[in-house]
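Okay, so the sequence shown: first residue is 1 according to this note's numbering, each after it adds one.
C-beta: ideal position from N, C-alpha, C; glycine also.
The next block holds one structure in the form of structure tokens; read it before the comments.
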Amino acid sequence: MYWNKNKKKYIVIIFGGILILVILCLGDYGIRYYNAPIEKDYKYIGTGMLVHLSDFTNGELVSVEMRRKTAYYIWGNQEDYIQGNVWLNGEKIFGKDDMEIVGLFINAEPYY
């Protein structure tokens, strides 16, 4: 099959335009998430055992609810973190706010 110069030129222009568009989209993604983390929300509802410090053999079965949010910075310019709170029998055990406790990830391990 014979390709004339005009067809080759149009194909090169189309592929070049697509390549420029992909580079611009990746640049926009990088700029957008430079200071804004990618966040994920988690919620856990279940039961747990409340054990008293003086008596480890007997415990009380309680309902447990955990809500947390993790944040991940794709450029690594800030530390990733976990934020959340825990409810036992409908009462918060850490502070008054929904997202009271904060922990940082240092070397990919949670640190509180």
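Taking the straight line between their C-alpha atoms, what separation do you get for residue i and residue j?
| i | j | result |
| --- | --- | --- |
| residue 53 | residue 90 | 22 angstroms |
| residue 16 | residue 83 | 44 angstroms |
| residue 21 | residue 95 | 48 angstroms |
| residue 25 | residue 87 | 42 angstroms |
| residue 5 | residue 14 | 14 angstroms |
| residue 72 | residue 43 | 18 angstroms |
Looking only at its own chain, which residues have a Cβ that is under 7 angstroms from the Cβ of residue i, when we skip the five neighbours before and after it?
| i | result |
| --- | --- |
| residue 74 | 33, 38 |
| residue 68 | 42, 82, 83, 84 |
Please look up how many angstroms separate the CB atoms of residue i and residue j, rounded, as I've assumed it's under 8 angstroms.
| i | j | result |
| --- | --- | --- |
| residue 61 | residue 47 | 6 angstroms |
Taking DSSP's pairing of strands, which residues face residue i in a bridge?
| i | result |
| --- | --- |
| residue 88 | 64, 91 |
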